[in-house]
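Chains as they are written, first to last, in this note's numbering: chain H, 2 to 338; chain C, 2 to 338.
Note that the Cβ used here is the ideal one computed from N, Cα and C, for glycine as well.
Encoded as structure tokens, the structure appears first; notes follow it.
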């Protein structure tokens, strides 16, 4: 039985991209699970763009991580000790266990992951909050119809790649925006998008005119910034813009300018609506069951970007997200010591 | 019977505020109504912020007014000759008759105005597209509920003043934003708003914190610009922003910056939706009938800002809108010659 628990804590509020100075690395004794609790050893840590927001001291949908607190993170692990009737040693579970090697849980918000049904990393990706975000955001807020033109930004990312595949399944024409030829190739070859726009080398506005000549019915936005503005200029009558994220803005040190073309919403009687997956908690079972069915049927392909390392490497792996280095769901896999 | 018809035509595409050089004043013979047509003498011309957009050569919800074309305008007039079975000499009618003293019509889109039921100017205001914009925009898009906090900008204007009164009737707490102490006084004293914010002298952000301490459920935006941004920062969970106009931007000569606080829509799972009254054409009878009932019951007070003049004075009266000089519906009344 291990005795030491390495942890990564928020050390300071970052300005711009988080630096090594913004983190604290600590070691504590592995906690003992109390009555009704169990102990989890972390196997995979989820890395998500939203984490950057949690590090700011700002009113948001969830309280900020406090200075000195273990960094909040979703993770997948294995139960290695249990005083809880519902969870047995050997069970795989996902939950908000934080950036640490061991966590004690009372089971609240913890979901079992069955490696016989799907590979374990999938439970943090397509079958986790990532897939659910894509599922509810696209279908409930974006409401794509057969024949619609759907544009997705951050399209090679964890959420975007699932959004595009669901949109295809619904019968939409799907255009993905991503950075670099490799990701753009994956969009059309692996994820089945109809077209890909490389925002690093293409003129996004001209490419949208080419690939969406009749305009855009649904835009699923993960990035914000100029790309949002370009798509707004191409909206079709009654279009729906789903605001899911704005990764281009999360590390901005100056107040970003807003989408100058927002009046396209007025001209086109379109809507722009923010969505957070937590609002759909009651419907998670529906979403997971549908996503699992699609995964099994090959309608949706799961892709994870797994980095092997120690828990202490979390800070540098997180930076891959903001550098756009990941394709699919970014995970840190913690080797057993 | 008059023989000359004075007209105001678009002479050039304005840059910024329209200047006298952007207009052409012409005289033609008064036209003869053909078979199935009637002749209207203009008594009131409606002046609306949207007119500025019609003068631009830009893709929008309606085609631009062409250079040399009679300026598009809603108007109210009296039938002075008729070869149309449905309209008799003496009838009062509203329609898109343009900025001219006489117009021939085939009755398409023309609505009768009964001076026995309501004062004539009302038919271009509360009982016209103005009132219908407020009615459908607030109730269908904003969806205020009892106890909600509703904020309206351009609150002393034609649409805003009606929006605020309907919101009060629904049981919301209503805060109006307008320019100057006189308008702000009217909001609370004549239109029954709960609070007024003078954007010219108040710190809008601080005033919103004071008057909407729990945040804003519905924001009805007629002005855009900084005020939109301030309200976005105060949205409540699930808030609805109705984009009805952006008068602060219509004469901008540089590309305006967008609402920097748009990510408040994401944090608060809020929506921002454009609305145009023309989309509700099938429901106009419902709207007019409800507005007429409210008008008769004193739920809604009609207020028009009538300027007496000749048709040639249209260009300078239009500028009153952009200078914020009108309270309620701005109309140009054309005296009989």
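In the pairwise beta carbon analysis, the region 251-269 of chain C is classified as not touching the region 131-151 of chain C: fewer than three pairs are separated by under 8 Å. Taking 7 Å as the threshold, the shortest C-beta distance from residue 260/H to chain C falls below it. Using a CB distance cut-off of 7 Å, residue 154/H does not count as an interface residue toward chain C. One alpha carbon belongs to residue 9/H, the other to residue 302/H, and they sit about 32 Å apart.
The Cβ of residue 268/C sits closer than 7 Å to at least one Cβ of chain H.
Taking a cut-off of 8 Å for Cβ pairs, the region 70-78 of chain H and the region 282-297 of chain C do not touch, as fewer than three such pairs fall below it. A contact is defined here as three or more CB-CB pairs under 8 Å, and the region 232-240 of chain C meets this definition with respect to the region 217-224 of chain C. By the beta-carbon neighbour count (other beta carbons within 10 angstroms, threshold 16), residue 202/H is exposed. A distance below 7 Å separates the beta carbons of residue 208/C and residue 198/C. Taking one beta carbon from each stretch, the region 160-174 of chain C and the region 316-323 of chain C have fewer than 3 pairs nearer than 8 Å; the two do not touch. Pairing residue 300/C with residue 187/C, the inter-Cα distance amounts to about 16 Å. Among the CB atoms of chain C, one or more fall inside 7 Å of the CB of residue 247/H.
At least one beta carbon of chain H lies nearer than 7 Å to the beta carbon of residue 263/C. In chain order, 270 make up the part of chain C whose C-beta sits under 7 Å from the C-beta of residue 277/H. Per the DSSP secondary-structure output, residue 273/C pairs in a beta bridge with 273/H, 242/C. Listed by position along chain C, the residues whose Cβ is nearer than 8 Å to that of residue 244/H are 263, 264, 266, 267.
By the Cβ rule, the region 56-71 of chain C does not count as touching the region 327-336 of chain C, because fewer than three pairs are nearer than 8 Å.
Of all alpha-carbon atoms in 169/H, 313/H, 156/H, 161/H, the one lying nearest the alpha-carbon of residue 150/H is that of 169/H.
Listed along chain H are 263, 266, 272, 273, 274, each with a C-beta nearer than 8 Å to that of residue 273/C. Contact annotation: the region 44-58 of chain C touches the region 239-259 of chain C, with at least three C-beta pairs closer than 8 Å. Here residue 120/C is exposed, its C-beta having fewer than 16 other C-beta atoms within 10 Å. Rounded to the nearest angstrom, the gap between the Cα atoms of residue 278/H and residue 114/H is 19 Å. With a minimum length of 4 residues, the unbroken runs of alpha helix (DSSP H) contained wholly in the region 88-157 of chain C fall at 130-137. Using a 10 angstroms sphere on the CB of residue 180/C, the tally of other CB atoms reaches 16 or more, which defines it as buried.
At a cut-off of 7 Å between beta-carbon atoms, residue 62/H makes contact with chain C. Relative to residue 102/C, the option among 184/C, 290/C, 46/C whose CA is nearest is 46/C. Taken through DSSP and simplified to helix, strand or coil, residue 82/H comes out as strand. Rounded to the nearest angstrom, the Cβ distance from residue 228/H to residue 178/H is 6 Å, consistent with a contact under 8 Å.
At least one beta carbon of chain C lies nearer than 7 Å to the beta carbon of residue 256/H.
Beta-bridge annotation (DSSP): residue 6/H is paired with 29/H. Rounded to the nearest whole angstrom, the CA to CA distance from residue 160/H to residue 4/H is 37 Å.
Distance between residue 146/C and residue 118/H, taken at the CA atoms: about 46 Å.
Between residue 174/C and residue 195/C, the beta carbon gap of about 5 Å places them in contact (Cβ cut-off 8 Å).
The bridge partners DSSP lists for residue 177/H are 153/H, 197/H. Judged by DSSP secondary structure, residue 186/C falls outside any beta strand (DSSP E) and instead within the alpha helix (DSSP H) spanning 182-190. Around residue 280/H, the beta-carbon contacts reaching into chain C at under 7 Å are 270.
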